[in-house]
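S.K.:
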Amino acid sequence: MKILIIAAVSVLVFITGCTNLLLKPADFGWPVESVLKVDNNGMVIEKRYSFSFNTRELFLTETSDSSGFRGKDLRLIRNNNGYYFITANNFKNVYVFYPDNGSLVLSNKIAITDSTGMTDPAFNQRTPYIELIYNTNRKLYLNNDGIFEENSR
Amino acid sequence: MKNLKIILGMILIFSFYGSYATAQQDFKIVQDFKSKVQEIKDGIKKTDSLAELIQFEGQINQLAASNASNKSLLDKSLYPDDFNSSIENLRNDLEVRKKDFTQISALETRVSVLSMHISDLNDRNVELMSLVKNLTEQSKNDKDKIVLLQRSITALRTSLRRRDELVISMIDSLMPADFRNSGTLSNQEKQNIYSKAQKRNIVENLQNAIDENIMFMKVTTLKPDDIKAIKDKKQQFEKTWRSFGPKLIEIYSERGKKVKNAKEIDSAFEKWNSAIDQEAWSSIRKEFSDFDIRLNDYSNGMEFTRAMINYTQDKIKNIKTKSDSAVKDYLVFADTVWFGNIKPIWVPYLIDNNLLTSVQKDKIESGILKWKNVVYPVDYSWIYIVGSLLISIIIIVLIRRNYKKKNESLNSNDGVKE
Numbered sequence: 007m008k009i010l011i012i013a014a015v016s017v018l019v020f021i022t023g024c025t026n027l028l029l030k031p032a033d034f035g036w037p038v039e040s041v042l043k044v045d046n047n048g049m050v051i052e053k054r055y056s057f058s059f060n061t062r063e064l065f066l067t068e069t070s071d072s073s074g075f076r077g078k079d080l081r082l083i084r085n086n087n088g089y090y091f092i093t094a095n096n097f098k099n100v101y102v103f104y105p106d107n108g109s110l111v112l113s114n115k116i117a118i119t120d121s122t123g124m125t126d127p128a129f130n131q132r133t134p135y136i137e138l139i140y141n142t143n144r145k146l147y148l149n150n151d152g153i154f155e156e157n158s159r
Numbered sequence: 032m033k034n035l036k037i038i039l040g041m042i043l044i045f046s047f048y049g050s051y052a053t054a055q056q057d058f059k060i061v062q063d064f065k066s067k068v069q070e071i072k073d074g075i076k077k078t079d080s081l082a083e084l085i086q087f088e089g090q091i092n093q094l095a096a097s098n099a100s101n102k103s104l105l106d107k108s109l110y111p112d113d114f115n116s117s118i119e120n121l122r123n124d125l126e127v128r129k130k131d132f133t134q135i136s137a138l139e140t141r142v143s144v145l146s147m148h149i150s151d152l153n154d155r156n157v158e159l160m161s162l163v164k165n166l167t168e169q170s171k172n173d174k175d176k177i178v179l180l181q182r183s184i185t186a187l188r189t190s191l192r193r194r195d196e197l198v199i200s201m202i203d204s205l206m207p208a209d210f211r212n213s214g215t216l217s218n219q220e221k222q223n224i225y226s227k228a229q230k231r232n233i234v235e236n237l238q239n240a241i242d243e244n245i246m247f248m249k250v251t252t253l254k255p256d257d258i259k260a261i262k263d264k265k266q267q268f269e270k271t272w273r274s275f276g277p278k279l280i281e282i283y284s285e286r287g288k289k290v291k292n293a294k295e296i297d298s299a300f301e302k303w304n305s306a307i308d309q310e311a312w313s314s315i316r317k318e319f320s321d322f323d324i325r326l327n328d329y330s331n332g333m334e335f336t337r338a339m340i341n342y343t344q345d346k347i348k349n350i351k352t353k354s355d356s357a358v359k360d361y362l363v364f365a366d367t368v369w370f371g372n373i374k375p376i377w378v379p380y381l382i383d384n385n386l387l388t389s390v391q392k393d394k395i396e397s398g399i400l401k402w403k404n405v406v407y408p409v410d411y412s413w414i415y416i417v418g419s420l421l422i423s424i425i426i427i428v429l430i431r432r433n434y435k436k437k438n439e440s441l442n443s444n445d446g447v448k449e
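Respectively, the protein sequence lines represent chains A and B. If you want this note's numbering, it's the 1-based position in the first sequence plus 6. If you want this note's numbering, it's the 1-based position in the second sequence plus 31.
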């Protein structure tokens, strides 16, 4: 037991040593969402923030169609914690990603509707939340953990 | 504590809900604002008149007022602009365009006035040109007409100069330098230039100015300074046309009208250039013909040199005996025309303008020198005279010496006898 306590303290000290530099507060939030056209290769390019990624896997996961990305618009916004919220017309989910080593890693998949997909979804920045508007009058407040609260008119 | 967090969260959400009860999309707000800005910007650019432009003032004010509540969102989203700078840019565009119209209006008035003056001067030039032609003929027989001819030529020269200045001024007014130097013109600007160029007969006036300047050179005999002045004028016209013509041809080409006329201006300048060169030779020809000297035809330095050398060689061949007329021919040709007129007045101009080389000039003068040597052969009589005198003196000296010797020998013989 004693050895176990010593080992745990050592690990704790080691981890603390590795994360000694922290810049805070930091706000990664975008003031407004970006609506990006998916190109023939499944890529989207965000010019203002200078980044791009491939959406093939995202559309495959959402629609089970490998060519489901063709001609689609992707809606994308980043919250103040740095998570990307991504969805598109007819999606049932909002996907939450974080950037890691040249890729976007799925952090959360927030289910919004059950049977049919959303119509005209849109994100608004409502720090500390992301407002999701869909089906004309449906509104949800999201964070990277999921739905914080729902409002409907 | 947990309940307090939930209550705070609900207050926050309700406050959002209150502000955006109609579920507005921020993206749409930003896009609508951007579209409206672009729409007003385009509208300002395409506007045809100052009156139409006024309506955009109201639109800009309305855009600013209706989006004031979204200022914070727009400030963050309109990177690199913001809400205020976007509105300010529109107001600046409006002011710049207003100035354009004010300037265009002033230019239009000026062009109208210029057009009238040009038309009057064109008529006057035609009259003067005809008068000069008639007087040139009459002055050959009637010396009194020469003064009148000179006056008419001066009047014509002044009138042409004024008309030419007006034509250049009108071109400048039609297309200000800013337009000429700009890479592209909008369709609206092209249409404006096209209709004004048509209305003011720009191409016709330019062509007319070139033709009349060529005609002026044909009906008058000019001195190098006059030709230099015409050459300077031609360069000024050409410079103006080079900066204006290609844009005008492009505009005419797009409308399929008067392209040929506009393109002919380039060849008209070539004709003018050639006429200027020929004017020098023509004036030189007249200088010779005024003294009844007929040279073979020439229109360049090489031909002129050949004609001059041929003339002097012919003269040398035809001199059989030294006569007064041969001397007179030489004196008129060499002293009066060449050394008295052509060489001091025309040769520097010809050499400066690469119409004659120094080598060609030296060849001509060498021919004249040969002719001189024939007309005035070198006189060797003084050598004979001096030689004869010397020989006579020597003979006299020798005779006297012999006589002296004879006398001495006779005297000595007489002494012996005694």
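Beta carbons: idealized from backbone N, C-alpha and C, even for Gly. These figures come from a predicted structure and were not determined experimentally.
Within 10 Å of its beta-carbon, does Q131/A have 16 or more other beta-carbons around it, so buried, or fewer, so exposed?
M.R.: buried
S.K.: Would you say F64/B reaches chain A, if we count a Cβ-Cβ gap shorter than 8 Å as a contact?
M.R.: no
S.K.: Per DSSP, which one or two residues make a beta bridge with E155/A?
M.R.: Y147/A
S.K.: My assumption, with CB atoms under 8 Å, is that L105/B sits in contact with V61/B. Please give the rounded CB distance.
M.R.: With a contact defined as Cβ atoms closer than 8 Å, L105/B and V61/B qualify at about 6 Å.
S.K.: Between the Cα of N123/B and those of K107/B, Q222/B and V68/B, spot the shortest distance and give me the residue it belongs to.
M.R.: Minimum Cα-Cα distance from N123/B among the listed residues K107/B, Q222/B and V68/B corresponds to V68/B.
S.K.: Among all the DSSP beta bridges, which residues are the ones paired with G37/A?
M.R.: For the sequence presented, residue 37/A should be read as Pro rather than Gly. Looking at the DSSP assignment, P37/A forms no beta bridge with any residue, so it has no partner.
S.K.: Can you tell me whether DSSP reads P375/B as helix, strand or coil?
M.R.: helix
S.K.: Going by C-alpha to C-alpha distance, which of K278/B, L166/B, S298/B and N327/B sits closest to T252/B?
M.R.: In this structure, L166/B is the residue among K278/B, L166/B, S298/B and N327/B with its C-alpha nearest to the C-alpha of T252/B.
S.K.: By a C-beta neighbour count over all protein chains shown, 10 Å radius and 16 as the cutoff for buried, is I307/B buried or exposed?
M.R.: Its Cβ being crowded by 16 or more others within 10 Å, I307/B is buried.
S.K.: Could you tell me which chain A residues have their CB closer than 8 Å to the CB of V61/B, listed as they occur along the chain?
M.R.: V38
S.K.: Buried or exposed: A96/B, going by 16 or more other Cβ atoms within 10 Å of its Cβ?
M.R.: exposed
S.K.: What in chain A is Cβ-close to Y283/B, meaning under 7 Å?
M.R.: By Cβ distance, chain A contributes nothing, its closest Cβ being about 41 Å from Y283/B, past 7 Å.
S.K.: For K102/B, would you say it is in contact with chain A, using Cβ-to-Cβ distances shorter than 8 Å as the test?
M.R.: no
S.K.: P134/A by DSSP, collapsed to three states: which one?
M.R.: In the displayed model, P134/A falls within coil according to three-state DSSP, outside both helix and strand.
S.K.: Strictly below 7 Å CB to CB, what residues from chain B border N130/A?
M.R.: The contacting residues are Q56 and D57.
S.K.: Have a look at L152/B and I245/B and give me their C-alpha separation to the nearest angstrom.
M.R.: 16 Å
S.K.: Under 7 Å: does the beta carbon of I422/B sit that close to some heavy atom of the ligand MN?
M.R.: Among the ligands in the structure shown, none appear at all, so the ligand MN cannot be discussed.
S.K.: Would you list, in chain order, the members of the segment 107 to 135 of chain B that have their beta-carbon closer than 8 Å to a beta-carbon of chain A?
M.R.: K107, S108 and Y110
S.K.: Report yes or no: is there a C-beta of chain B within less than 8 Å of the C-beta of V41/A?
M.R.: yes
S.K.: Taking the alpha-carbon of F364/B as reference, which of G398/B, Y380/B, M333/B and Q391/B has the nearest alpha-carbon?
M.R.: G398/B
S.K.: Contact between the segment 329 to 345 of chain B and the segment 257 to 276 of chain B is defined here as three or more beta-carbon pairs at a separation below 8 Å; is this criterion met?
M.R.: Under the 8 Å Cβ criterion, the segment 329 to 345 of chain B does not count as touching the segment 257 to 276 of chain B, having fewer than three qualifying pairs.
S.K.: Rounded to whole angstroms, what is the Cα-Cα separation between K259/B and N115/B?
M.R.: 59 Å
S.K.: For S109/A, report the span of its alpha helix (DSSP H) as first-last.
M.R.: Looking at the DSSP string, S109/A is not in any alpha helix (DSSP H); the run it does join, the beta strand (DSSP E), is S109 to A117.
S.K.: Identify each residue in the segment 46 to 66 of chain A for which the Cβ-Cβ distance to at least one residue of chain B is less than 7 Å, and report them in chain order.
M.R.: R54
S.K.: Grab me the residues of N404/B's own chain with a C-beta within less than 7 Å of its C-beta, minus the 5 sequence neighbours each way, in chain order.
M.R.: Answer for N404/B: no residue qualifies.
S.K.: Could you tell me which residues DSSP puts in a beta bridge with Y361/B?
M.R.: Beta-bridge pairing links Y361/B to no other residue.
S.K.: CB-CB under 8 Å to S113/A, same chain, minus the five flanking residues each way: which ones, in chain order?
M.R.: Y89, V102, F103, Y104 and N150
S.K.: Entirely within the segment 36 to 109 of chain A and at least 3 residues each: give me those beta strand (DSSP E) ranges in chain order.
M.R.: Within the segment 36 to 109 of chain A, the runs of beta strand (DSSP E) that reach at least 3 residues and sit entirely inside it are, in chain order, 40 to 43, 49 to 52, 57 to 60, 79 to 84, 90 to 94 and 99 to 106.
S.K.: Since I believe F129/A is in contact with E39/A (beta carbons under 8 Å), could you give me their beta-carbon distance rounded to a whole number of angstroms?
M.R.: Contact holds; Cβ gap of about 4 Å.
S.K.: Out of Y135/A, R76/A, V50/A and R81/A, which one is the CA nearest neighbour of F34/A?
M.R.: Comparing Cα positions, the closest option is Y135/A.
S.K.: To which residues of the same chain is K129/B closer than 8 Å at the C-beta, ignoring the five residues directly before and after it?
M.R.: L81 and L84
S.K.: With DSSP collapsed to three states, give me the class of F322/B.
M.R.: DSSP places F322/B in coil when its eight states are reduced to three.
S.K.: Taking 8 Å as the threshold (C-beta atoms), are A94/A and D79/A in contact?
M.R.: yes
S.K.: The alpha helix (DSSP H) with A32/A in it runs from where to where?
M.R.: Taken as a continuous stretch (DSSP letters only), A32/A belongs to no alpha helix (DSSP H), as it is neither H nor E.
S.K.: Taking R231/B and S190/B to be in contact with their CB atoms under 8 Å, please state how far apart those CB atoms are, rounded to whole angstroms.
M.R.: Going by Cβ atoms, the distance from R231/B to S190/B rounds to 20 Å, so no, they are not a contact pair.
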